[in-house]
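Protein chains: 2
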Amino acid sequence: MKPFTHLRQFDIPEASLRRLPIYYRILQEMDSTPGSHVSCTNLAKVLGLDPTQVRKDIELTGIVGKPKVGYPLTDLLHWIEDFLGWNRPKHAVLAGAGSLGAALLGYERFRNHGMEILAAFDTDAKKIGTRIHGTKVEPMLLLPAYVRRKQILLGVIATPAAAAQAVADQMIAGGIRAIWNFAPAHITVPPQVILQNEDLYYSLASLSFKLETRLGVQPVRERILICKK
Amino acid sequence: MKPFTHLRQFDIPEASLRRLPIYYRILQEMDSTPGSHVSCTNLAKVLGLDPTQVRKDIELTGIVGKPKVGYPLTDLLHWIEDFLGWNRPKHAVLAGAGSLGAALLGYERFRNHGMEILAAFDTDAKKIGTRIHGTKVEPMLLLPAYVRRKQILLGVIATPAAAAQAVADQMIAGGIRAIWNFAPAHITVPPQVILQNEDLYYSLASLSFKLETRLGVQPVRERILICKK
DNA sequence: TAGATTGTTAATCGATTAACAATC
DNA sequence: TAGATTGTTAATCGATTAACAATC
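Chains as they are written, first to last, in our numbering: chain A, 1309 to 1537; chain B, 1309 to 1537.
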């Protein structure tokens, strides 16, 4: 049964999934003269990571390297692209054409990273009918029908928090299978739908805490712990 | 030496740090009539998490609960705010007043989440001198002096990729201690500077992979693995 | 050949989960 | 009191790191 456990693709560690794009970025910046190679040791040194960790991550893509030599640089780039699905762009819709939505429509290279936004949707009559970075803004009411007709699987939410859940429901009604949520709101989705929250307030929490730790702030907690011991 | 290991604040698990804001969001949406309480079991059920995990996370904040009752709701909110530093906004500067930078300046509640952006900086003469969502745009050249003069510790980068490293260097020269990098570029910083990358292409990798896995795409990898066994 | 790197198996480490006593 | 929940210690699980044989 060993082979089958290896074929189960959903046990790929999330941490590996988040490191592979970092390797990709570094590789892109490297010398790509034909025939050049790169080793895990090499990559690990640049990023300050453990070489074995880098090797295991890269192994996930399925590429086979050559001892003493490493991996052909352009091959490795292609294996990562293929593993992550970056060379198979999924059609997507964007809900919310405010300043964040507009910024997302300005990301030109999403198409090279697995996603192509076909249309944007908004409730604001002044925005409907306009184009933002080349993408047309449609009335929000048409979203479910559009999604169903074009068999779109990926939805991006950049609406105000109050609208997020309703928009998610509409997307799911239309057949969306994965939601990338930028709205600062907790939304619930059925188990068959993948939800990834990109809430910046969440990210800021981590950064704020680390900065205070580094600065030696965080007064309350120390006091408590000292009292307890 | 046990007490001291507990006082080391940088061994707080990153995972806990990312879950606490989620609890906060849920708590905010709950009934906040004075005197209302919430239990870990309660929170865990809403989020589909293990109750013990929620309890350990909440314990990190230092709050002490009451058996059978739980935690007073408003108290818990305050303990989380205080633990994350959300009630002590850190001054920040933004580099890059393009569409993403403008979107970030539109996040009104950053100030309630540990960060206050005092000024934006850009190289575009057409933007300099204008205000975006109330924040003034200054010439990029003045950034280091501004940061030094106002003793700003936090820098947000929303420039094009090509400019990111130079901007980071300028920020660090001015005394910045933490960088929130939205530019799709790998930047290097000295060890005393905290770097948090918010690269959307990285996030998209994870989502793209999961969606393909769910759909049963991912052809190449399966083939390889079957051959090997 | 020698040496560096891959591929793989074993050991370690830390986070999650389970168990249970203390408490209101 | 009884029962639910906290606080804490132990067990499990998975990811990271170390060790080492295979290979070019």
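We put the beta carbon where it would ideally sit given N, CA and C, even for glycine. From a predicted model like this one, the values you see are computed outputs, not experimental measurements.
- The segment 1365-1379 of chain A makes no contact with the segment 1406-1416 of chain B; the number of CB pairs closer than 8 Å stays below 3.
- The residue among Val-1362/A, Asp-1365/A and Arg-1419/A with its C-alpha nearest the C-alpha of Leu-1508/B is Arg-1419/A.
- Under DSSP, Phe-1490/A forms no beta bridge with any residue.
- For Gly-1393/B, the chain A residues whose Cβ falls inside 8 Å of its Cβ are Ser-1516, Phe-1517, Leu-1519, Glu-1520, Val-1525 and Gln-1526, in order along the chain.
- In this structure, Ile-1495/A places its C-beta atom within 8 Å of the C-beta atom of Ala-1476/A.
- Lys-1434/A and Val-1497/B have their C-alpha atoms roughly 43 Å apart.
- In this structure, the CA atom of Ala-1513/A is about 29 Å from the CA atom of Val-1401/A.
- Contact with chain A is absent for Gly-1463/B, since none of that chain's Cβ atoms lies less than 8 Å from the residue's Cβ.
- By the Cβ neighbour-count rule, Gly-1524/B is exposed, with fewer than 16 other Cβ atoms within 10 Å of its own.
- Counted as a single uninterrupted DSSP element, the stretch harbouring Val-1401/A is not any alpha helix (DSSP H) but the beta strand (DSSP E) occupying residues 1398-1403.
- Between Ser-1516/A and Met-1479/B, the CB-CB gap reaches or exceeds 8 Å.
- If you check the CB distance, Ile-1440/A and Ala-1405/A come in under 8 Å.
- At a cut-off of 8 Å, the C-beta of Leu-1408/A has a neighbouring C-beta in chain B.
- If you draw a 10 Å sphere on the C-beta of Ser-1344/B, you find fewer than 16 other C-beta atoms in it, and that means exposed.
- In this structure, Leu-1384/B sits away from Pro-1329/B, with a CB-CB distance that is not shorter than 8 Å.
- Scanning the segment 1358-1393 of chain A from its first residue to its last, the whole alpha helix (DSSP H) runs of 4-plus residues come out as 1359-1368 and 1381-1392.
- In the DSSP assignment, Lys-1458/A falls within the unbroken alpha helix (DSSP H) covering 1451-1458.
- Of the residues Ile-1436/B, Ile-1320/B, Val-1445/B and Ile-1502/B, the one whose Cα lies closest to the Cα of Ala-1427/B is Val-1445/B.
- Close partners of Phe-1418/B in chain A (Cβ separation under 9 Å): Leu-1508, Tyr-1509 and Leu-1512.
- Residues of the segment 1477-1491 of chain B whose Cβ lies closer than 7 Å to any Cβ of chain A, in chain order: Arg-1485, Ala-1486 and Trp-1488.
- In this structure, the straight-line span from the alpha carbon of Ile-1484/A to that of Ile-1460/A is close to 6 Å.
- The three-state reading of DSSP puts Asn-1505/B in strand, counting E and B together.
- A distance of 8 Å or more separates the beta carbons of Gly-1482/A and Val-1501/A.
- In the structure shown, the three-state DSSP call for Val-1525/B is coil.
- The residue among Ala-1470/B, Leu-1462/B, Ser-1407/B and Asn-1350/B with its C-alpha nearest the C-alpha of Ile-1425/B is Leu-1462/B.
- Scanning chain B for C-beta atoms nearer than 7 Å to the C-beta of Pro-1329/A yields Tyr-1509, Tyr-1510 and Ala-1513, reported in chain order.
- Per DSSP, Ala-1427/A lies in no alpha helix (DSSP H) segment; the continuous beta strand (DSSP E) that holds it begins and ends at 1423-1430.
- Restricting attention to Lys-1374/B, Pro-1321/B, Val-1372/B and Trp-1387/B, the CA atom closest to the CA of Leu-1335/B is found in Trp-1387/B.
- Contact between Arg-1457/A and Tyr-1510/B fails: their C-beta atoms lie close to 31 Å from each other, not under 8 Å.
- Counting only the Cα atoms, Ala-1469/A lies some 9 Å from Phe-1490/A.
- DSSP places Ile-1330/B within a helical segment (H, G or I) once states are collapsed to three.
- Using a 10 angstroms sphere on the CB of Pro-1342/B, the tally of other CB atoms stays under 16, which defines it as exposed.
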